[in-house]
Structures are given as C-alpha cells and as structure tokens.
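Just so it is clear: in the sequence shown, position 393 is 393 by the UniProt record's numbering, and no numbers are missing.
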Amino acid sequence: MPLLVMKFGGTSVATLDRIRRAAKRVGVEVAKGYDVIVIVSAMAGETNKLVGLVNETSPLFDAREYDAIVSSGENVTAGLMALTLQEMDVPARSWQGWQVPLKTTNAHAAARIVEIPTDNISAKFAEGMQVAVVAGFQGIGPDGRVTTLGRGGSDTTAVAFAAAFGAERCDIYTDVDGVYTTDPRICEKARKLDKIAFEEMLELASLGAKVLQTRSVELAMRYNVKLRVLSSFEEMDDAAGTLVCDEDEIMELNVVSGVAYSRDEAKMTLISVADRPGIAAAIFGPLSEAGVNVDMIVQNISEEGRTDMTFSCPTDQVKRAEKAMADAKAAGAINFHDIVADTGVAKVSVVGIGMRSHAGVAAKMFKVLSDEGINIKVITTSEIKISVLIDRKYMELAVQALHDAFELEKAA
Ligand code: ASP
Ligand code: MG
C-alpha cells in the first residue's frame, strides 16, 4: 500500500469541528487507497498554556517533568482524531511517542530523534488498520522517560515518520496556504511559491520564517522527503500549497526566492580586546557555554594589538551574554574596555539558490538599502544568502524595498 504522512498543526485541530474537517481530509486519502500516518499537534494555545503552568509552578523546572507535562497536549488530539476517524468508519488507532516507540536522545525539551522502528505500526496496517494517528512532538529517551523535540517539533515528527516509512509525501497542514516570498503581513506583494528547494527553505526557516521547524527541513533534505505545506482551511486540491523539494525538480531557479527577517536581534561589541591567537575561542567558548546563540561575528581592524569584536544574538540573551563576558573578564580569560549592546536592530536576509551562479546580488541589495537611506551595521553571507543587520525601525521598509527590487511578486 502506498503511504502518506499528513500532519495537522495546532490551528487545524483547535476545535472538535476542525478535527472533524481534518479527519475528512484523511478519509479522502484513505478512499484513494493510501495508508495514512497522521501526526497531530496539540490544540492551538494548549502547549503555551502547559508551558505557563510549568513556569508558574517551578521557574527553574526539572526538564523531565517539563516534558511529561508539555507533551500531554498531543495525547489529547491524537485520541480525539482516532475517535473521530472511527466515527467515520475509518479503522484508526492512536499512538503516543513511547508506544511506537519513537526513540530520542536524552536532551529533555530539545531531544533529537534517534530511531523510529516501523514494525508495531506496520503490523497494525497489515491487520487492516488504515490510519495510525501519532502524537507529534514527543518521544522516549534512553532513561525511559518522555522527551519532547523543542517547540514546533511536530513538523520534525512528521518528516521523520515519512522517512522511516518511505512515505510518498509528507503533507504539513497549517493555517497558511504555503511558503511565501516574504511575510504577507508586512509586504502585500508577497507571492506564494509553488515550489522551493530544500536549501532555500532551510535558510528561510532558520532566518525566522516560522512555517516549518528548521530541523524538519534538515531531515527532509537528508532523506529526500517530498514535503508539502498547505492550508487545512481551503478546498482540497492536489496542486495546492508549496512543495519543498530537491532543486533538480525546479525548472527555473530564482536568483532570489525570498526575503526573510528576524525582529529581535541585538548587536554586541566588545571594545578593545587583545588581538592575539585564541582570543575568539576565549570569547565565544564562554558565550556558547552560557547558551547564547551567536549568529553573526565581525572582528574589526586591529590597531596597536587591540581590536573590537562584534557579534549578534537574540535580544533576550543579551543579559546572559553580558554576564558570561563579565565573568570571563573577572577570571582573567579575556580583557576588554567595555561591552556595548545595541538592542534595536533587526536582521534582513535575501535567499536564493540562483545566487551560486549569479554575481551582483549583494551589490544590488546594498544599493537598494542605500537608496532608502538605511545604514547597514553588519553583513554576513553564505553561498545562497546575504544577511544584514539594520535599525529595527527600518525593517519593514527594507523588506518591501528588497521584495520590489528583486521583483519577487513575479513568478520566474
Ligand atoms: N505543540 C508543540 C508546540 O506548540 C509542538 C508542535 O505543535 O509542533 O510547540
Ligand atoms: Mg508549527
């Protein structure tokens, strides 16, 4: 039997009525002859509520209990979805992560999937079950306790099941009808893409486009899982949504496919550090140990053996970064005159696989920003991406101007 994975996000299972609508979609695929593995999120808002209860009870919570609590939202939707399907005469059964068992690492609250044995579920399909409904976001660690995969982790559950079972496709049902050239809320010309390459999606997801968890895209790319993002609120249509696929399946590669942004960035500068071998390690080692997610790094010109080191990180990690640096200074590991935090910056990035073979994208991006009078504070590039830090108040203007300049409203 050909097999599909269908994942329904929180808004698609927010009420019993929506669960019924989702179940109907599953029924349509079953009627076509597919076995279906349905992955469900918790009902919209449920995980946030559970995280809130944990924080209120114990601010420095034990991560094992955090996982036991926040994984429970998915258990409810998995059971409800199975019951709804049974009511429609579709043979269905629910599975919690440990029952599969979806085996993960021991990193509670941020576990990674290690293995998904297929025998349990395959045996049930062989007995006539047509739909396995699996609670997303959760698994079981080597200590035998429930783990979770990090916020948004049901996407990763879905892709991992698609890879393990060799699914024909993995459909991710959400509340938007696909992946856009940029966020339609800040740029009305944003266009839905019919197809996007894994690598582009990976950049967009990690740059702040929230439609898929970054890890799910990594997995899909590694195992070549055909991934489709589509809305559960629109009519069923086999060509709907955006297909995330190998670049070979895309005829016309865009030079630039999308503009991404991330609002809550901070730029930090260590003023006057000694420019000597080992200094970067002495700075970024303690930052990493303190759990600071450093993104961009710039070491400035050195004068008389001293230099300024600039890096960016999320705004809510500034305090932690300052403390890590102060501690390293007190311990004599580094020496600097001052540390300056600019918490009013945003990151804007252009992404496109065609950049590999087209020169001039960076020059064009900088010209567009300069024409708008926007000052660039830090620049980083990769093979298929250029990111800049700018004042947050110009972020929307920058996104719109870049979208216009690269004519993203037009299909390639
Ligand atoms: N319910 C979990 C969350 O909100 C996992 C998910 O929906 O992907 O993060
Ligand atoms: Mg999600």
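Even for Gly, the Cβ is constructed at its ideal location relative to N, Cα and C. In this text the structure is predicted, and so the values were computed from the model without any measurement.
Rounded C-beta distance between Val340 and Ile271? I'm assuming under 8 Å. 6 Å
Does the ligand MG have a heavy atom nearer than 6 Å to the CB of Gly152? yes
With three or more beta-carbon pairs closer than 8 Å as the criterion, would you say the region 361-372 touches the region 320-335? no
Would you mind working out which of Ser71, Ile379, Ser349 sits nearest Thr181, comparing C-alpha positions? Ser349
To which residues does DSSP link Val399 through a beta bridge? Looking at the DSSP assignment, Val399 forms no beta bridge with any residue, so it has no partner.
I need the DSSP call for Ile334, collapsed to helix, strand or coil. coil
Measure the C-alpha to C-alpha separation of Ala346 and Val28 and round it to an integer number of angstroms. 44 Å
Is Ala111 near the ligand ASP - that is, is its Cβ less than 6 Å away from at least one heavy atom of it? no
Could you spell out the range, first to last residue, of the beta strand (DSSP E) harbouring Tyr261? 258-274
CB contact check: Ile279 to chain C, cutoff 7 Å: Looking for chain C here will not work: only one protein chain is present.
To the nearest angstrom, how far is the alpha carbon of Met68 from that of Asp248? According to the sequence as given, residue 68 is Ala; it is not Met. One C-alpha to the other measures close to 42 Å.
Would you report the Cα separation of Phe8 and Phe406, rounded to the nearest angstrom? 33 Å
Which value, in whole angstroms, describes the spacing of the CA atoms of Leu85 and Asp246? 33 Å
Helix, strand or coil: how does DSSP classify Arg88 here? Before going on, a small fix: residue 88 reads as Met here, not Arg. Coil.
Under 8 Å: do the region 47-61 and the region 115-122 share three or more Cβ pairs, one atom per stretch? no
Quick test of your reading: Gly178 and Val229, contact by CB under 8 Å. State the CB separation rounded to the nearest angstrom. 5 Å
Start and end of the alpha helix (DSSP H) containing Tyr66? 63-70
Grouping DSSP H, G and I as helix and E and B as strand, with all else coil, what is Glu127? coil
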